[in-house]
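Chains as they are written, first to last, in my numbering: chain A, 74 to 488; chain B, 74 to 488; chain C, 74 to 488; chain D, 74 to 488. Every residue, glycine too, gets a C-beta built ideally from N, C-alpha and C. Right, one structure below, let's go through it.
Protein chains: 4
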Amino acid sequence: MKELQINPTNHWLSRYQSVRQATERLCDTLKTEDFNLQATAFTSPVKWHLAHTTWFFETFILKELVPTYTVFNSSFHHLFNSYYNSVGNPFARPNRGLLSRPTLNDVWEYRKYIDNVMAELSTEFTQTPEFEQRFALGLNHEQQHQELILTDIKYNFFQNPLFPSFYQPNKSIEANSSSTSRSLNNNSGKQWITFDKTESLLGHNEKGFCFDNELPQHTRTLTAFGMSNSLVTNDDWLQFMGDGGYSNPLLWLSDGWQWVQQNNINAPLYWLKKQHQWDHFTLSGLVPVEKAQPVRHISFYEADAFATWAGFRLPTEFEWEYYARECLKAEPHQANDLFGKVWQWSASSYSPYPGFKAAQGALGEYNGKFMCNQMVLRGSSQYTPDGHSRITYRNFFYPQDRWQLSGLRLAKDLT
Amino acid sequence: MKELQINPTNHWLSRYQSVRQATERLCDTLKTEDFNLQATAFTSPVKWHLAHTTWFFETFILKELVPTYTVFNSSFHHLFNSYYNSVGNPFARPNRGLLSRPTLNDVWEYRKYIDNVMAELSTEFTQTPEFEQRFALGLNHEQQHQELILTDIKYNFFQNPLFPSFYQPNKSIEANSSSTSRSLNNNSGKQWITFDKTESLLGHNEKGFCFDNELPQHTRTLTAFGMSNSLVTNDDWLQFMGDGGYSNPLLWLSDGWQWVQQNNINAPLYWLKKQHQWDHFTLSGLVPVEKAQPVRHISFYEADAFATWAGFRLPTEFEWEYYARECLKAEPHQANDLFGKVWQWSASSYSPYPGFKAAQGALGEYNGKFMCNQMVLRGSSQYTPDGHSRITYRNFFYPQDRWQLSGLRLAKDLT
Amino acid sequence: MKELQINPTNHWLSRYQSVRQATERLCDTLKTEDFNLQATAFTSPVKWHLAHTTWFFETFILKELVPTYTVFNSSFHHLFNSYYNSVGNPFARPNRGLLSRPTLNDVWEYRKYIDNVMAELSTEFTQTPEFEQRFALGLNHEQQHQELILTDIKYNFFQNPLFPSFYQPNKSIEANSSSTSRSLNNNSGKQWITFDKTESLLGHNEKGFCFDNELPQHTRTLTAFGMSNSLVTNDDWLQFMGDGGYSNPLLWLSDGWQWVQQNNINAPLYWLKKQHQWDHFTLSGLVPVEKAQPVRHISFYEADAFATWAGFRLPTEFEWEYYARECLKAEPHQANDLFGKVWQWSASSYSPYPGFKAAQGALGEYNGKFMCNQMVLRGSSQYTPDGHSRITYRNFFYPQDRWQLSGLRLAKDLT
Amino acid sequence: MKELQINPTNHWLSRYQSVRQATERLCDTLKTEDFNLQATAFTSPVKWHLAHTTWFFETFILKELVPTYTVFNSSFHHLFNSYYNSVGNPFARPNRGLLSRPTLNDVWEYRKYIDNVMAELSTEFTQTPEFEQRFALGLNHEQQHQELILTDIKYNFFQNPLFPSFYQPNKSIEANSSSTSRSLNNNSGKQWITFDKTESLLGHNEKGFCFDNELPQHTRTLTAFGMSNSLVTNDDWLQFMGDGGYSNPLLWLSDGWQWVQQNNINAPLYWLKKQHQWDHFTLSGLVPVEKAQPVRHISFYEADAFATWAGFRLPTEFEWEYYARECLKAEPHQANDLFGKVWQWSASSYSPYPGFKAAQGALGEYNGKFMCNQMVLRGSSQYTPDGHSRITYRNFFYPQDRWQLSGLRLAKDLT
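This is how it looks when you write it as structure tokens:
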């Protein structure tokens with residue numbers, strides 16, 4: 074499992090530089106033209122990600138905490154604001170790809186400028202609680218965008234019939250055959266982990282960084298349940314498809330069935346039928362679907378329909394968190410695919426925890442205002458940066474979204 | 074409060090006839106042309122409601138339990154199926170208003186035919202648990218459609234610049250000045266009822282009828298909270314509007330703000346500005362908005378934005394249920410507007426209770442498949458039939474829906 | 074051929090009553106519910122047609138020419154205005170079907186009221202040129218709506234899976250086997266009529282009624298051309314379909330091909346495949362497609378693609394008019410299917426004739442403002458009222474429209 | 074006036090290189106990111122224009138006429154096909170901006186490769202009539218795309234709130250104050266040129282290059298008409314606006330009025346209100362609207378409404394051609410703004426001339442299949458390359474299009 078490594082002896086600046094450089098390394102194989110792609114409103118151009126993460130440090134640290142700061146380019150305040158109405162009027166999201174200017178070079182200059190200013194901040198500014206809090210948020214924010222850079226470039230490359238490869242041939246992560254899981258078919262090692270009814274303490278304990286949506290820690294009653302120790306695999310999914318899963322309305326939520334029909338959905342995103350087998354598009358290009366890998370790029374609707382078909386259900390986000398904590402107690406080094414493979418859809422809608430308070434000021438817009446119409450995913454994916462995973466982490470997407478590395482794990486009632 | 078009156082000495086047939094006749098009395102003032110109106114997919118024509126509720130008894134009782142039953146018209150099986158994929162392919166919902174045939178007379182004949190068959194059922198059929206269960210569901214189903222007949226005809230009449238009146242002048246329910254509430258402005262009698270942290274038993278105890286979504290009864294931990302003993306009024310709402318509530322993005326959920334902007338929302342549904350005052354459309358036609366009445370015809374997004382503006386929040390459905398139970402214990406006859414005025418938006422998304430099992434067979438499609446993307450409302454409204462309200466009742470609509478009599482009650486954390 | 078029978082001894086009132094009664098006779102088989110159907114913006118409810126044609130006499134004759142006239146219902150001025158911005162703000166066309174009130178009875182009363190006022194007009198009013206001109210326009214206007222009543226009810230009935238029949242079984246017009254044509258297949262009697270280059274006088278000579286768009290009469294040079302003496306038949310169309318006509322982009326105009334693909338067009342409107350044959354929906358219900366009948370319910374795009382496939386082209390409206398005049402000179406009683414079968418798409422866009430002047434006042438909105446984006450059709454159809462056909466008549470619809478009885482006749486260059 | 078200079082002694086290759094280089098010089102000020110912009114389906118990325126014009130020579134000359142030709146990159150056949158269904162399945166037009174690969178460098182390589190192959194063609198290939206014909210078409214095709222590069226980059230830059238400037242400050246063409254016209258206001262030099270009824274020979278005489286849509290030459294009868302010797306100016310347009318031109322439905326075609334209302338049109342494209350004056354976006358950035366310049370970036374609907382407001386009409390394309398020919402006879406060097414300022418909307422829909430024959434093979438798709446729903450514009454604009462203007466040239470766009478440099482000239486009937 075990837076855990077946030079907070080080394081107290083680690084100077085904040087080295088952590089800053091490490092995260093910032095990780096973002097930039099992701100761009101190694103991209104051409105200038107690739108940086109501006111935006112095929113749909115829910116993806117953003119890589120250039121925009123590079124600028125927006127920089128804007129975040131500029132807006133919430135430099136402008137607000139450092140009175141001597143001189144703005145790099147005042148027009149960026151509007152252009153690279155994602156959704157913070159408190160600090161101004163954000164540029165229209167669907168049009169981010171229409172910004173050929175500022176150019177990529179301008180954005181690299183912007184990053185350098187901010188990085189230099191940050192590197193030269195005196196301890197007068199950096200040793201305040203407010204700096205520390207916003208700084209940690211800035212780093213975690215940038216890590217979230219690292220993952221989005223990968224999911225967005227994948228979606229945008231998929232629109233090109235040339236199916237460009239993001240990874241160089243010898244660096245392929247996605248075709249890595251080590252990331253297999255136990256399939257339903259092949260029961261070796263696949264089992265249900267069961268839990269009695271319990272009172273569980275859930276949410277973050279505020280030691281180390283967390284987002285506001287993981288708070289406050291609170292108690293919930295969990296009824297007896299079982300959780301699969303394995304992720305659902307492509308092999309499992311092919312059985313679902315072979316059994317008419319996509320054409321049987323009785324398996325689907327009402328909105329899900331409408332979504333399937335209106336969009337002619339008949340396989341996970343990125344799957345392409347090639348005569349008698351399925352290929353799928355990856356950051357290494359088009360490759361055959363490997364049966365043993367966890368299924369990914371499925372919507373909540375698909376996850377729910379699969380669970381119904383299999384005779385089980387999705388876990389609530391609370392069951393998942395409890396299960397994950399118990400797993401890690403028992404086997405700290407072998408965590409049953411909790412992290413680093415696919416985000417796992419839960420049955421829980423994204424709602425505030427009892428007593429939730431959004432952060433003060435503009436940063437209160439970070440999470441709270443999205444607590445409607447979305448579903449929680451737990452765990453983390455192959456694209457999640459090291460050190461960004463957490464048992465209490467609440468990812469959230471709309472039920473139809475599937476351009477993230479989203480998969481599922483089954484649960485069941487015990488009665 | 075309106076409670077379901079189950080008189081054990083009350084023969085099932087008289088209950089049946091009572092509910093069926095109540096539906097038909099709702100149509101007294103309608104012209105033949107009115108019965109077919111469908112301005113939008115989310116409303117249905119009254120004629121369709123009359124036929125569909127009949128279809129429900131035919132399909133789930135007569136066809137399934139009475140082998141000798143002869144179908145009235147085989148084409149109705151498709152036409153009046155709302156959404157039960159298990160029993161066939163439902164006719165497209167947005168096109169219900171395009172069915173001029175069968176005519177209204179045909180539908181009255183259909184009702185009579187089924188009513189006659191029902192009346193003549195021998196005890197062989199009616200004294201089985203399956204009959205009793207489906208029969209109770211059929212009655213409650215028809216009562217739900219009684220409320221929909223009113224909300225749908227209201228919406229459809231509103232499209233006509235003549236603003237037709239549904240009620241005859243001397244029968245006006247909606248202008249009834251008795252249904253006032255205490256406004257925030259006028260604090261007389263308005264107060265917060267507070268509760269300590271508690272374990273609460275929630276959901277239906279299975280004595281008497283309930284829908285499957287109210288089960289199973291289960292325990293939840295509620296943290297300390299306060300609940301207003303009053304509904305939010307039109308007076309309160311006018312203050313929200315006067316304070317720029319509809320133009321301040323910081324008050325709104327992200328999806329809510331998008332909804333406001335895309336639809337140019339600036340007042341509750343049915344409100345029309347008339348020089349310096351607001352009128353609203355009611356089943357008695359256009360009348361001035363009365364300040365003391367509870368606000369209604371607002372979306373979840375509006376309810377949430379109002380609560381944020383007021384410095385409070387919406388209650389969860391569990392807080393509401395606990396509060397309601399406590400109220401009724403304390404004052405069985407004065408129930409703080411819990412029922413019979415407006416449905417009250419909760420902060421809870423519509424999700425299955427722990428251990429929820431949908432009913433077997435087609436009736437399992439009644440509730441469970443809608444448990445996504447919708448929010449729970451509690452209480453009942455002025456349009457809800459007598460005897461159809463319940464503390465554990467879970468109504469549910471999409472967050473943008475506002476053609477129901479939906480309002481709100483505020484809650485707050487106690488910490 | 075149906076020619077406008079203007080009997081000079083025919084008193085205007087008897088002509089009025091004859092046209093008005095013809096409209097009402099069309100409604101004999103309709104149920105009250107049928108009168109309000111509007112499945113799409115381009116059709117109107119029959120009730121609306123009944124009221125609008127009445128409104129036309131009221132607005133342009135009674136209100137403007139008869140100072141003593143008392144309005145029947147002032148709200149009708151807005152509700153039944155089709156598109157005359159000069160006299161007010163027309164009610165939104167797509168919402169006509171939402172007007173359950175005024176009821177059908179109200180509309181019948183409206184008709185009676187206007188008819189009575191008209192019948193009692195003194196010669197002081199009726200013997201003016203202005204009256205005569207507007208009166209003739211009113212009659213022709215009502216005849217146009219007679220045809221629209223048929224095409225619109227057909228379209229609206231088609232949405233109902235019961236496929237209601239408009240005609241009583243023994244009155245079927247549409248299945249009338251006498252209205253056959255010579256097919257390309259069967260060459261008996263089918264031939265090209267050829268014409269040398271000529272100067273032709275086109276447009277109406279202003280003897281008798283015509284619309285403003287048929288004026289002024291003017292001269293055009295027609296190059297040598299040939300015209301088929303037959304309409305294209307269903308048999309011809311089946312060959313086109315069998316030869317992949319709907320899937321070969323090379324046959325289609327660019328906009329036409331986009332229309333085919335976006336709407337999955339693969340047959341004329343109302344055709345339904347029934348195993349190995351085609352049925353089509355008619356005012357007598359679903360019946361088998363008869364090969365010898367002229368094809369109908371095709372768009373301009375389809376007509377043009379067919380002509381390209383056949384190696385020919387559509388005639389210009391000028392070639393059609395010249396051809397028609399020559400035919401009628403040669404064979405006054407056998408007019409080669411010019412009239413009374415199907416409207417025939419021409420290759421001409423609907424544009425003003427040289428020197429065209431729209432009528433003064435609101436009636437100038439009758440035709441002129443539609444002279445963009447539409448194509449001219451010539452002839453008349455089976456649904457056109459007797460006496461409403463004319464060699465110079467210019468009907469016009471959008472190139473994708475096909476709910477009219479639209480077919481085609483082929484032409485070719487002679488060089 | 075810019076006329077096609079065909080110097081018989083001019084070797085084809087030098088003409089080729091001259092056109093090709095002119096295209097590339099247009100790109101001097103663009104950044105790599107600019108080349109891929111596509112804000113809407115009706116514009117194309119500059120990179121795509123560069124590749125498609127190259128593809129045209131490759132596809133219709135090299136592949137078809139030079140058996141030894143080796144394809145540069147086989148995937149380009151699909152990617153850079155605009156709309157030629159005869160030679161394959163064109164890549165979806167709205168997605169051209171999603172092609173980050175091939176990169177701009179790849180496209181420059183492609184151009185070089187084809188240019189080299191072209192330069193080395195032996196006379197065996199180049200001295201055939203087929204080569205000459207396709208070669209001339211290829212050059213004219215590339216010139217058309219030169220103009221589109223300018224109009225498309227303008228439209229795409231306009232989406233960016235930074236309003237990037239295409240021209241370097243000292244090279245501004247668009248702010249060139251020499252391109253003024255006489256306004257209606259200022260009558261000095263502004264006059265009607267009148268013509269009696271005449272027979273006119275119209276269309277191209279086939280000496281020198283023309284497109285197939287300019288053929289065949291043919292005779293038409295023109296009734297007596299007058300033509301303004303001036304283009305309508307911004308000053309005239311401001312009067313139209315000041316007089317409520319955009320809010321008076323009586324001035325507009327029916328479809329035009331719908332377009333105005335649905336799109337909230339209240340000024341020409343690119344006009345932005347800045348307190349009490351209007352700025353407009355040009356290739357030199359935002360500059361004040363100059364009153365004396367011809368109005369441009371108006372739709373056909375606007376042109377038609379203006380003419381109606383002014384009490385005149387648009388000329389037919391035939392009137393325009395006749396007028397232009399007469400002008401040039403009379404004053405060969407001062408051509409009344411016929412060319413080089415703005416394309417002038419005519420009243421004529423884009424239809425085939427009598428006896429029109431589309432070219433054989435794929436090139437037959439060049440023009441003919443667009444002869445529906447579009448209107449003809451005559452003349453040429455400031456963006457039209459030198460030598461690409463012609464009296465018989467028929468440009469065509471949809472009536473709502475206004476991203477071209479489209480303006481108008483008034484005409485009137487003489488009776």
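TODO: Output the boundary residues of the alpha helix (DSSP H) element that contains His125 (chain D).
DONE: Unbroken alpha helix (DSSP H) run through His125 (chain D): Val119 to Phe130.
Task: Contacting residues, own chain, Cβ-Cβ under 6 Å from Asn468 (chain B) (five flanking each side not counted) - done: Result list for Asn468 (chain B): Trp416 and Leu450, in chain order.
Open item on the list: Quick check: the segment 206-215 of chain C against the segment 153-170 of chain C, are at least 3 beta-carbon pairs closer than 8 Å?
Closed with: No, they do not touch.
TODO: Could you please tell me which residues of the segment 462-486 of chain C, in chain order, have their CB closer than 7 Å to any CB of chain D?
DONE: When C-beta distances to chain D are compared with 7 Å, the residues of the segment 462-486 of chain C below that value are Pro472 and Asp486, in chain order.
Open item on the list: Could you compute how far the alpha carbon of Phe379 (chain B) sits from the alpha carbon of Gly329 (chain B)?
Closed with: So the two alpha carbons sit approximately 12 Å from each other.
Task: As assigned by DSSP and simplified to three states, the class of Leu77 (chain A) - done: Interpretation of Leu77 (chain A) is limited by its pLDDT of 42, a score under 50 that renders its predicted location unreliable; no figure is taken from the coordinates.
Open item on the list: On the CB-based measure, 16 or more other CB atoms within 10 Å of its CB, does Asn446 (chain C) come out buried or exposed?
Closed with: When all chains shown are included, Asn446 (chain C) counts as buried.
- [ ] Give the straight-line distance between the Cα atoms of Asn440 (chain B) and Thr96 (chain B), rounded to the nearest whole angstrom.
- [x] Here the C-alpha atom of Asn440 (chain B) lies approximately 22 Å from the C-alpha atom of Thr96 (chain B).
Open item on the list: Suppose you measure from the CA of Pro237 (chain B) to the CA of Met448 (chain B); what does that come to, to the nearest Å?
Closed with: Computed Cα separation, rounded: 31 Å.
Open item on the list: I'd like to know if the segment 283-301 of chain C and the segment 451-466 of chain C are in contact, where contact means that at least 3 CB-CB pairs between them fall below 8 Å.
Closed with: Contact holds: three or more Cβ-Cβ distances are below 8 Å.
TODO: Just the C-alpha distance for Leu86 (chain B) and Ala192 (chain B), rounded to the nearest angstrom, thanks.
DONE: C-alpha separation (whole angstroms): 7 Å.
Open item on the list: Measuring alpha carbon to alpha carbon, tell me which residue in B:Thr113, B:His150, B:Glu106 and B:Lys227 is nearest Tyr456 (chain B).
Closed with: Comparing Cα-Cα distances from Tyr456 (chain B) to each of B:Thr113, B:His150, B:Glu106 and B:Lys227, the minimum goes to B:Lys227.
Open item on the list: Tell me whether the segment 95-111 of chain B and the segment 310-322 of chain A touch, counting them as touching only if at least three CB pairs, one residue from each stretch, are closer than 8 Å.
Closed with: Verdict: no, contact absent.
Task: Cβ neighbour criterion (16 or more within 10 Å) applied to Asn80 (chain D) - done: Its pLDDT being 49, under 50, Asn80 (chain D) is placed unreliably by the model, and nothing is read from it.
- [ ] Can you give me the start and stop residues for the alpha helix (DSSP H) that Ala397 (chain A) sits inside?
- [x] Unbroken alpha helix (DSSP H) run through Ala397 (chain A): Glu390 to Ala403.
Open item on the list: Could you check whether the Cβ of Ser273 (chain A) sits closer than 8 Å to any Cβ belonging to chain B?
Closed with: Ser273 (chain A) does not count as touching chain B.
Task: Separation of Arg369 (chain B) from Pro289 (chain B), as counted between CA atoms - done: If you take the alpha carbons of Pro289 (chain B) and Arg369 (chain B), they lie about 31 Å apart.
Task: Contacts that Asp107 (chain A) makes with chain D (C-beta to C-beta distance below 8 Å) - done: Neighbours of Asp107 (chain A) on chain D, chain order: Ser173 and Arg174.
Open item on the list: Any beta carbon from chain C within less than 8 Å of Ser87 (chain B)'s own beta carbon?
Closed with: With a threshold of 8 Å between beta carbons, Ser87 (chain B) makes no contact with chain C.
Open item on the list: Restricting to Cα atoms, I'd like to know which of D:Gln217, D:Ser173 and D:Pro367 is closest to Asp308 (chain D).
Closed with: Distance check between Asp308 (chain D) and each of D:Gln217, D:Ser173 and D:Pro367 places D:Pro367 closest, using alpha-carbon atoms only.
Open item on the list: 8 Å is my cut-off, CB to CB: does Ser422 (chain C) come that close to chain D?
Closed with: Interface flag for Ser422 (chain C) against chain D is set, since a Cβ pair is found closer than 8 Å.
Open item on the list: Can you look up Asp328 (chain C) in the DSSP assignment and give me helix, strand or coil?
Closed with: Per DSSP, reduced to three states, the secondary structure at Asp328 (chain C) is helical.
- [ ] With DSSP as the reference, label Glu272 (chain A) as helix, strand or coil.
- [x] In the structure shown, Glu272 (chain A) falls within a strand segment according to DSSP collapsed to helix, strand and coil.
Open item on the list: Can you check whether the C-beta of His150 (chain B) is within less than 8 Å of a C-beta belonging to chain A?
Closed with: Closer than 8 Å: no.
Task: Stretch pair the segment 426-445 of chain C + the segment 103-120 of chain D: three plus CB contacts closer than 8 Å - done: No: fewer than three Cβ pairs fall under 8 Å.
TODO: Step through the CB atoms of chain A and report whether any lies within less than 8 Å of the CB of Lys346 (chain B).
DONE: It does not; no Cβ of chain A falls within 8 Å.
Open item on the list: Within 8 Å of any Cβ in chain C, is that where the Cβ of Gln232 (chain B) sits?
Closed with: Taking Cβ atoms only, chain C reaches closer than 8 Å to Gln232 (chain B), which makes this a yes.
TODO: Could you pull the start and end residues of the beta strand (DSSP E) that Asn302 (chain A) belongs to?
DONE: From DSSP, the beta strand (DSSP E) with Asn302 (chain A) extends over Phe298 to Leu304.
Open item on the list: For Phe204 (chain D), which residues in the same chain have their Cβ closer than 7 Å to its Cβ, ignoring the five residues on either side in sequence?
Closed with: Within its own chain, the residues whose Cβ lies closer than 7 Å to the Cβ of Phe204 (chain D), once the five positions on either side in sequence are excluded, are Ile134, Leu138 and Phe198, listed in chain order.
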